[in-house]
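Structure first, commentary second.
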Amino acid sequence: MGLKIMSALNLTNDSVAESYDSIVKPNDDKRDYKAIVLTNGLKVLLISDRETDKSAAALTVGVGSMSDPRVVQGLAHFAEHMLFLGTKKYPDDNDYFKYITSNGGFANAYTAQSNTTYYFDISTNYISEALDRFSQFFVEPLFTESATDREINAVQSEYERDLPLDVWRNYQLDKTLSDPNNDYNKFSIGNIESLKEIPLKNGTNVRQELLSFHDRWYSANIMSLVVLGKESINSLEEIVIPLFSVIKHKSGVTLPKWQTNPLTADWLRKQYFVVPVKDKRSLNIAFPITDMSAHYRSKPFRYLVYLIGHEGRGSLLSELKANNWCTTLTAGNLLWWPTVGIEFDYFYIDVDLTDDGINHTDDIIILIFQYIAMLKSEGIKQWIWDEIKQMLEIDFHYQDRSQPINYVLSLADKLLLYPIEEILRVSYRMDEYRPELIAQSLNELSADRMRVRVVGKQFESIADQTERWFGTKYSLQDIPPEKIQLWLNIGLNDRLALPPPNDFIPYNLNVKPIEDNNQTIPQMIRNTEFSRIWYLQDFEYRKPKAYYAFKLTNPIVSDNPLNENMAQLFTRLFRDSVNEYLYAAEMAGLWFSMSSGLTGITLIRTVDDLTVDNVSQFKDQFVSRFHIESFIYGNILKSEAIDVCDAFEGKFKSQLKTKPIALSQHFLNREIYLTEGSDYVFETKTSVHKTNGIKIYYQIGVRDTKTNGLLGLLQQILKQPFFDKLRTKQQLGYVVWAYIRGANGMSFLIESDYKPSFLNERIEAYIQWFTKYIEDMNETDFETQRQALITRKLVKPKNSWDKCWTLWAEVMSKEYNFNREEIEVKAIKEITKQDIIDFMKKHLSHDSPDRCKLTVSIVTDNPINEKDGKDCNTDDMPTPTEIPVNLRVDTN
Ligand SMILES: [Zn+2]
Numbered sequence: 001m002g003l004k005i006m007s008a009l010n011l012t013n014d015s016v017a018e019s020y021d022s023i024v025k026p027n028d029d030k031r032d033y034k035a036i037v038l039t040n041g042l043k044v045l046l047i048s049d050r051e052t053d054k055s056a057a058a059l060t061v062g063v064g065s066m067s068d069p070r071v072v073q074g075l076a077h078f079a080e081h082m083l084f085l086g087t088k089k090y091p092d093d094n095d096y097f098k099y100i101t102s103n104g105g106f107a108n109a110y111t112a113q114s115n116t117t118y119y120f121d122i123s124t125n126y127i128s129e130a131l132d133r134f135s136q137f138f139v140e141p142l143f144t145e146s147a148t149d150r151e152i153n154a155v156q157s158e159y160e161r162d163l164p165l166d167v168w169r170n171y172q173l174d175k176t177l178s179d180p181n182n183d184y185n186k187f188s189i190g191n192i193e194s195l196k197e198i199p200l201k202n203g204t205n206v207r208q209e210l211l212s213f214h215d216r217w218y219s220a221n222i223m224s225l226v227v228l229g230k231e232s233i234n235s236l237e238e239i240v241i242p243l244f245s246v247i248k249h250k251s252g253v254t255l256p257k258w259q260t261n262p263l264t265a266d267w268l269r270k271q272y273f274v275v276p277v278k279d280k281r282s283l284n285i286a287f288p289i290t291d292m293s294a295h296y297r298s299k300p301f302r303y304l305v306y307l308i309g310h311e312g313r314g315s316l317l318s319e320l321k322a323n324n325w326c327t328t329l330t331a332g333n334l335l336w337w338p339t340v341g342i343e344f345d346y347f348y349i350d351v352d353l354t355d356d357g358i359n360h361t362d363d364i365i366i367l368i369f370q371y372i373a374m375l376k377s378e379g380i381k382q383w384i385w386d387e388i389k390q391m392l393e394i395d396f397h398y399q400d401r402s403q404p405i406n407y408v409l410s411l412a413d414k415l416l417l418y419p420i421e422e423i424l425r426v427s428y429r430m431d432e433y434r435p436e437l438i439a440q441s442l443n444e445l446s447a448d449r450m451r452v453r454v455v456g457k458q459f460e461s462i463a464d465q466t467e468r469w470f471g472t473k474y475s476l477q478d479i480p481p482e483k484i485q486l487w488l489n490i491g492l493n494d495r496l497a498l499p500p501p502n503d504f505i506p507y508n509l510n511v512k513p514i515e516d517n518n519q520t521i522p523q524m525i526r527n528t529e530f531s532r533i534w535y536l537q538d539f540e541y542r543k544p545k546a547y548y549a550f551k552l553t554n555p556i557v558s559d560n561p562l563n564e565n566m567a568q569l570f571t572r573l574f575r576d577s578v579n580e581y582l583y584a585a586e587m588a589g590l591w592f593s594m595s596s597g598l599t600g601i602t603l604i605r606t607v608d609d610l611t612v613d614n615v616s617q618f619k620d621q622f623v624s625r626f627h628i629e630s631f632i633y634g635n636i637l638k639s640e641a642i643d644v645c646d647a648f649e650g651k652f653k654s655q656l657k658t659k660p661i662a663l664s665q666h667f668l669n670r671e672i673y674l675t676e677g678s679d680y681v682f683e684t685k686t687s688v689h690k691t692n693g694i695k696i697y698y699q700i701g702v703r704d705t706k707t708n709g710l711l712g713l714l715q716q717i718l719k720q721p722f723f724d725k726l727r728t729k730q731q732l733g734y735v736v737w738a739y740i741r742g743a744n745g746m747s748f749l750i751e752s753d754y755k756p757s758f759l760n761e762r763i764e765a766y767i768q769w770f771t772k773y774i775e776d777m778n779e780t781d782f783e784t785q786r787q788a789l790i791t792r793k794l795v796k797p798k799n800s801w802d803k804c805w806t807l808w809a810e811v812m813s814k815e816y817n818f819n820r821e822e823i824e825v826k827a828i829k830e831i832t833k834q835d836i837i838d839f840m841k842k843h844l845s846h847d848s849p850d851r852c853k854l855t856v857s858i859v860t861d862n863p864i865n866e867k868d869g870k871d872c873n874t875d876d877m878p879t880p881t882e883i884p885v886n887l888r889v890d891t892n
């Protein structure tokens, strides 16, 4: 597929081998697309978007953790980290991050089983220089000795972070309990043991391994690149071609492929019982299945996942819930998303279990096979397939525009896999009805070829084995043959049935005429003692979508922690009770969510008081009085918005006799005021996590335009060197963040093997160092930072969803600053360097009498790698000699 068209430019350019001008795109997508394949084999998709305020790029290389050498597991991930830390052309290990963040951008990467993807975004003017730096990752990275030594710590810290997370533990255990000869079975994150100690024992030089891994696999012909910019397609080509055509096509390299399923016969008909870290219970069953990714135009698994995962009446979940065995169910297959090079697949059904459910896992499995039996006896229905097809068709043509960085990221790996002209459409395309493929996949969901995993604390007593990398305790057993026999011959259950046709699927997708061109921010169209309505018709995105948001305020919710808990529980119960009814609508694109405002850490202590009577009483009390504040936005007329609100209000007034609350009961969000000179510390222990954590909050005061501007600019300048010094150079941990939070204030967060007292010193030292740094900063650099912040602030919401949330947040906080960004940018333009220095000295410096500091630290009593700080190189950033003594907060 894909006609080869040689344009005039390409005829003169000997770096381009193929060129595609007609990429299939959504109806109202105004961006221009072109794909080229360079002579080195690199596939490139160029996207020209004249309206974008950010440029972005993503590059996928078709190699990942499955290609790690057995003796250096985690190498692909480690290589991913190392590419950021200096190239021959830009040797400084901070150069790339510094360039990106000081020009309004963000950069990251991830390593998957069979691919590694690098991505960034940046203000539109800087794309060409950013791409120059980026392309060097794939041309000549340094992998310096010193960075290699240091960065192992960051990987170790990332591993320690994942260590107590059950999702990672179960994932690794699933891999461990599969064919040991399959590359899928390896440990992908890596840690000090796999990246340092084991190679050391084997006489393997890790830096050498990094170099040869890059040298072997980072070959242009197994890479794909997506670039989105403001420039025309021709200009983008002129930027990209010279930079990326120098990447080598390494001889003999082809995209690695895995066709053998790791769930071999040895690992089927087995069940394993796993002890989790958190007190959570779940059941997961997995079937090896034939890879159907080549049949993307038929999508046989969409059909099965849609039905098995259905939540309406007659569904598997509905029946499981009726028995009070579980509350959620997920069905899916490994290759639901494009997966480079992996040509084996498995289908899974995952349910959480209630206290009672864990004693009924066999009954749950019986229900699952009764449902599968029902699907087989009903046969494959074209009308169901057509419904899914129509929903995907709508998703494709009316999809919300995403942030450029997310957009390029979503396309990069697909580009390696699918026909180039189809890549925008592959995930949505369903135009070949192939019932025989669906039937084939359905037949593979059989009781004699599955693996069962049950997770629950109660298996502690039988868990006799320990997983190598995460230390997960488990017990592996054969499923008794008589059980398999029973499940194989299971009959039908008349409570299980196919869903009825979905009447919510829209076929009329017209956009309404604009009523008032001048109305660009929400307008208050009703204000009574009972309700207030904010309304805005969408005049920018013009999609057939509308948003209704309602906030119900009754001051009893925040009276005490018990009430806050009850409000949350009530919300969940209500959500659950309407689930079956709303599910079909949700499948057809309706999105519904409810939440209750909840703050505070004392909440957990009141959980015992939550009884059915209490919650029911609370509900009566809550609905007796409240105030409704709503925001209606999108493809909806003013009169329709009023009708909707009337109907909503009317129900409460007529059926529940709800009354308004008093005017004095409307108040703003509040936070405890830390007095000048305060220095509070709250310290607690954890035995779950194996690392320590510290969070320091410097409270500034109430939010206002000037302070928001000062904080924003301070954070913009402070954040990148904070990461560079404390993570890249001093290697305190994987999470090293500086951000704005609270009523208003600056927060620093570090997760680390070091003690909180040492981390506190490091943060204080940084603040002192940074004050000098900013004093020495020249005006040009200061202006660049200011501009970067302004650009970031003025980024427009990419779609009506983002816009809705931005405006709704203003209503929720009762600040109603609908033009916040423009107003704050004006203030930012007035700020001088001296203002920032004064602000720092007043609010953050250790010797300021006005500083308000709150520290929360968590200390593990179960460290795997305790460090005292003696090994940490802090030469260029000495600890201030007189750090004030902390006041200890009573932790009882
Ligand atoms: Zn990482």
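Under full-length UniProt numbering, the residue at position 767 of the sequence shown is numbered 767, and the numbers go up by one with no gaps. Cβ atoms here follow ideal geometry from the backbone N, Cα and C, with glycine treated the same way.
Burial is judged here by how many other beta carbons sit within 10 angstroms of a residue's own beta carbon; methionine 524 has fewer than 16 and is exposed.
DSSP places asparagine 185 within a helical segment (H, G or I) once states are collapsed to three. Alanine 35 counts as buried, since at least 16 other C-beta atoms from the protein chains shown sit within 10 angstroms of its C-beta. Looking at the DSSP output, isoleucine 342 bridges to Trp258. Beta-bridge pairing by DSSP links asparagine 579 to no other residue. At the C-beta level, tryptophan 385 and phenylalanine 187 stay beyond 8 Å of one another. An exposed status is given to histidine 666, since fewer than 16 other beta-carbon atoms sit within 10 Å of its beta-carbon.
The Cβ atoms of tryptophan 258 and methionine 430 lie no closer than 8 Å to each other. Between methionine 223 and leucine 59, the C-beta spacing is below 8 Å. The beta-carbon separation of isoleucine 740 and leucine 711, rounded to 5 Å, stays under the 8 Å limit for a contact. The beta-carbon distance between phenylalanine 134 and methionine 82, rounded to whole angstroms, is 15 Å. This is too long to meet the 8 Å contact definition. Counting only the Cα atoms, asparagine 406 lies some 12 Å from tyrosine 118. The residue among Gln621, Ser402, Leu713, Thr874 with its C-alpha nearest the C-alpha of glutamate 830 is Leu713. Straight across, the Cα-Cα distance linking proline 256 with aspartate 516 is about 57 Å. The DSSP assignment places 481–488 as complete runs of the alpha helix (DSSP H) inside the region 467–534, in order along the chain (cut-off: 4 residues). Lysine 685 is bridged by DSSP to Val859. DSSP links phenylalanine 106 through a beta bridge to Asp121.
The beta-bridge partner set that DSSP reports for proline 288 consists of Tyr346. Separation of the CB atoms of glutamine 399 and proline 26 is rounded to 6 Å, and the pair is thereby assigned contact status at 8 Å.
Near ligand 1, meaning a Cβ closer than 6 Å to any of its heavy atoms, lie the following residues in chain order: His77, His81, Glu158.
With a beta-carbon spacing of about 6 Å, glutamate 319 and leucine 367 fall inside the 8 Å limit used to define contacts.
DSSP places glutamate 18 inside the beta strand (DSSP E), whose first and last residues are 16–20. By DSSP's assignment, valine 227 forms a beta bridge with Leu46, Ala57. For serine 318, the enclosing alpha helix (DSSP H) has its first and last residue at 316–322. A direct Cα-to-Cα measurement between serine 282 and asparagine 692 gives close to 29 Å.
About 6 Å separates the beta carbons of lysine 545 and asparagine 635, which is inside the 8 Å limit, making them a contact pair.
In this structure, Pro404 is the residue among Lys719, Thr771, Pro404 with its C-alpha nearest to the C-alpha of serine 123. Per DSSP, reduced to three states, the secondary structure at lysine 657 is coil, with no helix or strand assignment.
In the structure shown, glutamine 787 falls within a helical segment according to DSSP collapsed to helix, strand and coil. Between the region 672–684 and the region 260–279, the count of C-beta pairs closer than 8 Å stays below three; the two stretches do not touch. A check of alpha carbon separations from glutamine 271 across Leu316, Gly309, Val452 identifies Val452 as the nearest. Taking all protein chains shown into account, lysine 853 has 16 or more neighbouring C-beta atoms within 10 Å of its C-beta and is therefore buried. Note on leucine 243: 16 or more other CB atoms within 10 angstroms of its CB, so buried under the neighbour-count rule. Membership of methionine 812 in the alpha helix (DSSP H) is indicated by the continuous run 800–812. The beta carbons of isoleucine 364 and tryptophan 337 sit about 27 Å from each other, so the pair does not count as a contact at 8 Å. Exclusion of the five residues before and after leucine 656 leaves Val623 as the residues of its chain whose Cβ lies within less than 7 Å of its Cβ.
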